[in-house]
């Protein structure tokens, strides 16, 4: 694949393309249910106006020629082709940036858990925040948890909007970025470490989204967070008949 001119200009498709490019049908078997992954390299879940608004926040020249951006695009491409991540839940314990309280992913059995990666310099993640907030308000917190993992910066130091945010050199600097990001949302924000351990375990995609079922199994992963897919998956699982195990077989 040729290097794209700009990460946020990868594809200009209408909003309806989201349905065309992802099969929402649950995959049922004797082991339960999971969902088709959405490993699309392109940002095709957004309208032309959405893409245009994101482009205004960043330098397209930098996205084409900056070494860090080229490496990020390579990571996204590898993930979209089925690499970079072993499918499954990768457990972690991370602190919530506002409270400092640790959150242990595996310590919440019986709940659906949906999360996305984001950062202060990540326009797609920022665009998703209000939609995920509405989702979080829809569901009983005894059944569903939604949150953001603050991962790697997508456009650090970009001259247009993010010039004041170079790549963080220390954990405290990264924590300050995450705290500023948390002011943009009511969602819990968990801070990944400087080693990007969780970010790496989940495929090194800056705005990846994941759903873990009540028994701790990964039932969906996507290259780009999309609230509509997450809503469909959560509604489907919550609406299953009593006694349906809702557990996927090993991939």
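Residue numbers (my numbering): 8 to 258.
Heads up, the beta-carbon is just placed ideally off N, CA and C, and yes, glycines get one too.
Please name the residue or residues paired with residue i in a DSSP beta bridge.
i           : result
residue 36  : 39
residue 100 : 111
residue 45  : 229
residue 197 : 103 and 156
Sort the options by Cα distance to residue i and report the nearest one.
i           : options               : result
residue 50  : 103, 36 and 84        : 84
residue 44  : 225, 243, 246 and 238 : 225
residue 120 : 99, 172 and 150       : 150
residue 135 : 46, 48, 213 and 219   : 213
residue 228 : 74, 53, 92 and 32     : 92
residue 52  : 244, 242 and 230      : 230
residue 178 : 200, 147, 190 and 73  : 200
residue 238 : 216, 223 and 222      : 216
residue 104 : 210, 235, 247 and 192 : 192
residue 78  : 118, 162 and 138      : 162
residue 246 : 36, 56, 208 and 146   : 146
residue 186 : 140, 126 and 116      : 126
residue 86  : 243, 211 and 202      : 211
residue 90  : 143, 207 and 236      : 207
residue 241 : 153, 175 and 180      : 153
residue 140 : 57, 190, 183 and 174  : 190
residue 117 : 107, 31 and 148       : 148
Which residue comes first and which comes last in the alpha helix (DSSP H) that contains residue i?
i           : result
residue 217 : Counting along the chain, residue 217 falls outside any alpha helix (DSSP H), though it belongs to the beta strand (DSSP E) covering 216 to 219.
residue 65  : No alpha helix (DSSP H) holds residue 65; DSSP gives it neither H nor E.
residue 235 : 234 to 245
residue 143 : 130 to 145
residue 84  : 74 to 87
residue 207 : 204 to 208
Quick one: measure Cβ to Cβ for residue i and residue j, integer angstroms, because I've assumed they're closer than 8 Å.
i           : j           : result
residue 123 : residue 232 : 4 Å
residue 101 : residue 198 : 6 Å
residue 28  : residue 138 : 18 Å between Cβ atoms; not a contact.
residue 223 : residue 113 : 6 Å
residue 220 : residue 244 : 7 Å
residue 99  : residue 218 : That belief does not hold up - the Cβ atoms of residue 99 and residue 218 are roughly 16 Å apart, past 8 Å.
residue 181 : residue 175 : 4 Å
Which residue comes first and which comes last in the beta strand (DSSP E) that contains residue i?
i           : result
residue 154 : 151 to 157
residue 177 : Counting along the chain, residue 177 falls outside any beta strand (DSSP E), and DSSP gives it neither H nor E.
residue 124 : 119 to 125
query = Should the region 150 to 159 be called in touch with the region 54 to 65, which here means at least 3 C-beta pairs below 8 Å?
reply = With fewer than three CB-CB distances shorter than 8 Å, the region 150 to 159 does not count as touching the region 54 to 65.
At least 3 beta-carbon pairs within less than 8 Å: the region 124 to 144 vs the region 162 to 179 = yes
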